[in-house]
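As they're listed, the protein sequences go chains E, P and W.
Counting in the working numbering, the first sequence runs from 1 upward without gaps.
Counting in the working numbering, the second sequence runs from 292 upward without gaps.
Counting in the working numbering, the third sequence runs from 536 upward without gaps.
Cβ coordinates follow ideal geometry from the N, Cα and C atoms, glycine included.
This one's a predicted model, so the numbers in the text were calculated from it and none came from an experiment.
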Amino acid sequence: MTLLGQTIITGILIGGIYAVIAIGMTLIMGVMKIINLVHGALMMVAMYICLVLFKSFGVHPYLGMIPAMVILFAIGYLLQKYFIERVSGVETILPESQVLLTLAMALAITEIVRLIFSSDYQSAYTPFSAKCFYLGDMSISAPYLLSFGLAMVLVAGLHLFLTKTDLGRSIRATSQDRDAAIYMGVDAKRITNFTFGLGTALAAAGGALLLPVFYLFPDVWHPYLAKCFIITILGGMGSTVGALSGGLVLGIAETFGATYWSPGYRDVVGFVIFIFVLLFLPGGLKRIIGR
Amino acid sequence: MAFLDINHVVRRFGGLVAVDNITVGIEQGEIFGLIGPNGSGKTTLFNCINNYYPPNSGEIIFKGIPITHKPTHDVCRLGIGRTFQVVKPLRRMTVLENVMTGAFLRTSNVTKATDKALEALDFCELIHRKDMLAKDLPIADKKRMEIARSLAGDPELILLDETAAGLNPREIERAMELVKKIRDKGITCFVVEHVMKFIMGISDRMMCINFGREIARGSPKEIASHPEVIKAYLGEEYAKGKQY
Amino acid sequence: MAKKNRFVPLILGGILVVAIPPFLGGYFQHVLILIMMWIIMATAWNLLGGYCGQVSFGHAVFFGLGAYGGGLLRLHWGLSPWWGMIVGPLLAVVIGIPIGLVTFRLRGAYFALAMLALGEAFRIVFTNWVPVTAGAVGIITSRTWGAEKLPYYYITLAIAALSIYVVYRLVHSKFGYYFVAIREDQDAAEGLGIPTTRYKLYALIPSAFFTGLAGAVYMNYFAYIEPHTVFNLSAVSIMMILAVMLGGAGTLWGPAFGAAIYTILSEALRAAIGPISYLVFPIIACLIIMFLPDGIIGDWEKIKRAFSRQKPVYVGGE
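Dropping the structure here:
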């Protein structure tokens, strides 16, 4: 019973962090209608920025998150404006050139980071990282809890931004119907560039939240990119509520898989969900929730 | 039993009923025209026949065989050809290759397919374009190629979706001649159209729909003077004969 | 006359690749073997991706299965890994068919990513399912001909030639037309009577087979396989795509060309500038995607124009 409760809670906590990263991706996907595979690599860059701030200036990742988000916003914005935009709408034999470009960029960025930092595993380990709360017999990791809390703050903030500000509404409009938005006076190109930056900043935040608990190395983003994508498909493309619920579902499912099946197969759980959703639930949870 | 029987077909998209209980029988060897204002459900009906999506209820029977839930390629194989409202060329293939792709429906041999394709291109007076890339064709020729592509598969019924859209008057005349030639070859034509001159000039029988529902049926002359048709296109005031 | 000219470069090239290698040193023979392996993989991927338009980001699945076919035989029953040359590709096809049936429901980038996820899933399973696959430790076999490279070269050369020939025959048959039709417009293809899922499978089967065969060759030549290498996303799945893009997707010789350039560049760079070479490839890939998306052969006209002083002629039309 304890194990069950612990599994569920841990699943929710990690799921919340996944959700932040995934919301970034789903925002981008909603506005650009393309799959952004450099999302994971950019998250990794943010993690290294936080690491450097931590090791050189003693800034804890939870604070380092802020400059990291700003820097990654800028990087994302520039990448979209000067590189990705170039290949959108160009007719080529291989239809997925945009997706491939983002993947190639991801690989390039990973190698650059590897050259700077080497493949060694690093961590931003503090005494806090090992702290646990006890709820009855269940042990809950303190950094997980704090990360989850911050993640929810971010999600709430994003929700307010998207619903209450002009810019947020423009983003949602462009996401729902680009042409209609243009007719309403929205500068779709500017919005696209901005959204890419914003989505990337969210990935940066997610990375910063993960840093206290996980090891960092240049290839760390591979499974997270996959999780992001699974969550986006699970939650429904472009739906922030979907990404949140999808993140929680994945977090819980994975933790169950790791606890009751085997830790090594944790990432395969996500894959199973992925195939299940693609086959039986096209449109994702969004369809069920109705948002 | 007609050649193509459409029985009480209904197709919904969410809350919108695009095709509302349409029943009609197309006879073999005729040119049947379907008109209706924009958004009245004409192309949706075609898509149901081809099963790009199935009807929510009702059935469609072709040559006595129910085709309602058959996969699209099987419907084609049974003898229904199709052109598209927004023309769909196989862009990076040549015109000849496009039509050969249609011809391969009835043969696996490259030489035979080439011959069939050339025959179809000749029939559609497009043979001079055979080595051009499909994406470089002007719109009228793209539509002609689409027809040739369908004809190469020896259809018995061909669904022509807004063939005359975007054509100038001369091209419209040529298109009308082509459709009549197709009918004279023994192929039944089910035509959806907006351009009145085109469809009135070639149809044997016609039907008008609006909001997915049938509002008139008869010969072109009858349809042209039918009050419900006039109302649907030009509004109630005009139908009642009020002066503007 | 034109027909005769067409075969001359082919025959000349054939003589070169057959006659020259015995005179080259061991290292060059090694590089040639790598080139041939990548030619097989690129040509195989191109059939499904370039001609049929189903871009798979997870072909490492077939490579890995091809390698492990022989590897598992060796591990569990002590059989010679050469049996893997039959078992490997067959395993790739047998598993490939249900994979295709499931993933072909997806279009475009979703298909690409489902295959990517699959590649990663296989890698994880093969790493963790230790009793069956020996896990991350991998499987070691012995090389049949010790340090001799030449026999491996000729085998790989023969398979590469075969793969190109098979693709050639398919492309010039009904299959080829149907594949391209599916790529150009799947809905139009269905409307023309093409059972698209079935034909996608027809493209997948040789694609999986030859990729698996390359994996089996890898197993025999390198005599050591482990999941992280053979099911690798960036080094195998993505590199296959980049090699094809470099040469030109949807062309017959493009993939071979791209594979050769990629391998030579890769080896040359690694010798010259060491680990930085891993950075160079993704950057080259980005440049190609941005400026020469149809590859060197596909965008040949563009390249020629860039070097000449001619103004481009715009054909009338839409």
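{"Asked": "Expressed to the nearest angstrom, what Euclidean distance is found between the alpha-carbon atoms of T746(W) and P624(W)?", "Found": "7 angstroms"}
{"Asked": "Can you give me the Cβ contacts of M536(W) inside the same chain, cut-off strictly under 8 angstroms, excluding the 5 residues immediately before and after it?", "Found": "In this prediction, M536(W) scores a pLDDT of 47, lower than 50, which makes its location untrustworthy; the coordinate-derived value is nonetheless stated afterwards. None."}
{"Asked": "Is it true that the region 543–559 of chain W meets the region 662–675 of chain W, where meeting means three or more beta-carbon pairs spaced less than 8 angstroms apart?", "Found": "no"}
{"Asked": "So, helix, strand or coil for G851(W), using DSSP?", "Found": "Per-residue confidence for G851(W) stands at a pLDDT of 45, beneath the threshold of 50, marking its modelled position as unreliable; the derived number appears in the next sentence. Coil at G851(W), not helix or strand."}
{"Asked": "Going along the region 7–30 of chain E in order, which residues come within less than 7 angstroms of chain W, judged by CB to CB distance?", "Found": "none"}
{"Asked": "Quick check: the region 189–197 of chain E against the region 25–38 of chain E, are at least 3 beta-carbon pairs closer than 8 angstroms?", "Found": "yes"}
{"Asked": "Using the three-state DSSP reduction, which class does V543(W) fall into: helix, strand or coil?", "Found": "helix"}
{"Asked": "Would you give the residue range spanned by the beta strand (DSSP E) that I140(E) belongs to?", "Found": "M138 to S141"}
{"Asked": "Run down chain E in chain order and give the residues with a C-beta less than 8 angstroms from the C-beta of R640(W).", "Found": "L278 and L279"}
{"Asked": "Do the region 559–566 of chain W and the region 761–770 of chain W meet, that is, are 3 or more Cβ pairs less than 8 angstroms apart?", "Found": "no"}
{"Asked": "Relative to the alpha-carbon of A293(P), which residue among G355(P), D365(P), L409(P) and N312(P) has its alpha-carbon at the smallest distance?", "Found": "G355(P)"}
{"Asked": "Note down the Cα distance separating K55(E) from L135(E), rounded to an integer number of angstroms.", "Found": "33 angstroms"}
{"Asked": "On the three-state DSSP scale, how would you describe H222(E)?", "Found": "helix"}
{"Asked": "For a cutoff of 7 angstroms on Cβ pairs, would you count L94(E) as touching chain W?", "Found": "yes"}
{"Asked": "Between which two residues does the beta strand (DSSP E) carrying D311(P) extend?", "Found": "L307 to I317"}
{"Asked": "Chain P partners of I713(W), CB-CB under 9 angstroms?", "Found": "Residue identity differs from the one stated: residue 713(W) is Tyr in this sequence, not Ile. Under the 9 angstroms cutoff, chain P gives T392 and F395."}
{"Asked": "Suppose the cutoff is 7 angstroms on Cβ atoms and the five residues either side in sequence are ignored; what does the same chain contact list for C587(W) look like?", "Found": "F714, I717, R718, K735 and A738"}
{"Asked": "In terms of residues, what are the limits of the alpha helix (DSSP H) holding G606(W)?", "Found": "A595 to W612"}
{"Asked": "Closer than 9 angstroms by beta-carbon distance: list the chain E residues that pair up with A645(W), in chain order.", "Found": "The amino acid occupying residue 645(W) in the given sequence is Tyr; Ala does not appear at that position. The contacting residues are I35, I233 and L278."}
{"Asked": "Between the region 96–122 of chain E and chain W, which residues of the former have CB atoms less than 9 angstroms from a CB of the latter, in chain order?", "Found": "E96, S97, Q98, V99, L100, L101, L103, A104, M105, A106, L107, A108, I109, T110, E111, I112, R114 and L115"}
{"Asked": "Quick one: list the residues of chain P neighbouring G726(W), beta-carbon separation under 7 angstroms, in chain order.", "Found": "N341, T363, C367 and R373"}
{"Asked": "Within 7 angstroms (strictly less), CB to CB, does C587(W) reach chain E?", "Found": "no"}
{"Asked": "Within a Cβ cutoff of 6 angstroms, which residues of the same chain sit near I575(W), ignoring the five residues on either side of it in sequence?", "Found": "I694, A695, S698, F745 and A749"}
{"Asked": "Residues in its own chain within less than 7 angstroms of A404(P) by CB, not counting five upstream and five downstream?", "Found": "M391, A394, F395 and T398"}
{"Asked": "Skipping 5 residues on each side, what residues in its chain have a beta carbon closer than 8 angstroms to that of I449(P)?", "Found": "I371, G372, R373, T374, I438, S441, L442, I473, I478, T479, C480 and F481"}
{"Asked": "In angstroms with no decimal places, state the Cα-to-Cα distance between L583(W) and T363(P).", "Found": "22 angstroms"}
{"Asked": "Kindly indicate which residue of H611(W), G631(W), L607(W) and I632(W) has the alpha-carbon position closest to the one of M620(W).", "Found": "L607(W)"}
{"Asked": "With DSSP collapsed to three states, give me the class of R504(P).", "Found": "strand"}
{"Asked": "My guess is that P790(W) and A577(W) are in contact by the Cβ rule of under 8 angstroms, so how many angstroms apart are they, rounded?", "Found": "4 angstroms"}
{"Asked": "Does DSSP put L555(W) in a helix, a strand or coil?", "Found": "According to the sequence displayed, residue 555(W) carries Ile and not Leu. I555(W) falls in the coil class under three-state DSSP."}
{"Asked": "Counting along the chain, where does the beta strand (DSSP E) carrying R303(P) start and finish?", "Found": "L295 to F304"}
{"Asked": "Can you tell me whether DSSP reads S239(E) as helix, strand or coil?", "Found": "coil"}
{"Asked": "Tell me, please, whether the CB atom of L814(W) is closer than 7 angstroms to any CB atom in chain E?", "Found": "yes"}
{"Asked": "Determine whether the Cβ of L569(W) lies closer than 7 angstroms to any Cβ atom of chain E.", "Found": "no"}
{"Asked": "Does DSSP put F766(W) in a helix, a strand or coil?", "Found": "coil"}
{"Asked": "Given a threshold of 16 other Cβ atoms within 10 Å of its Cβ, counted over all protein chains shown, does R609(W) qualify as buried or as exposed?", "Found": "buried"}
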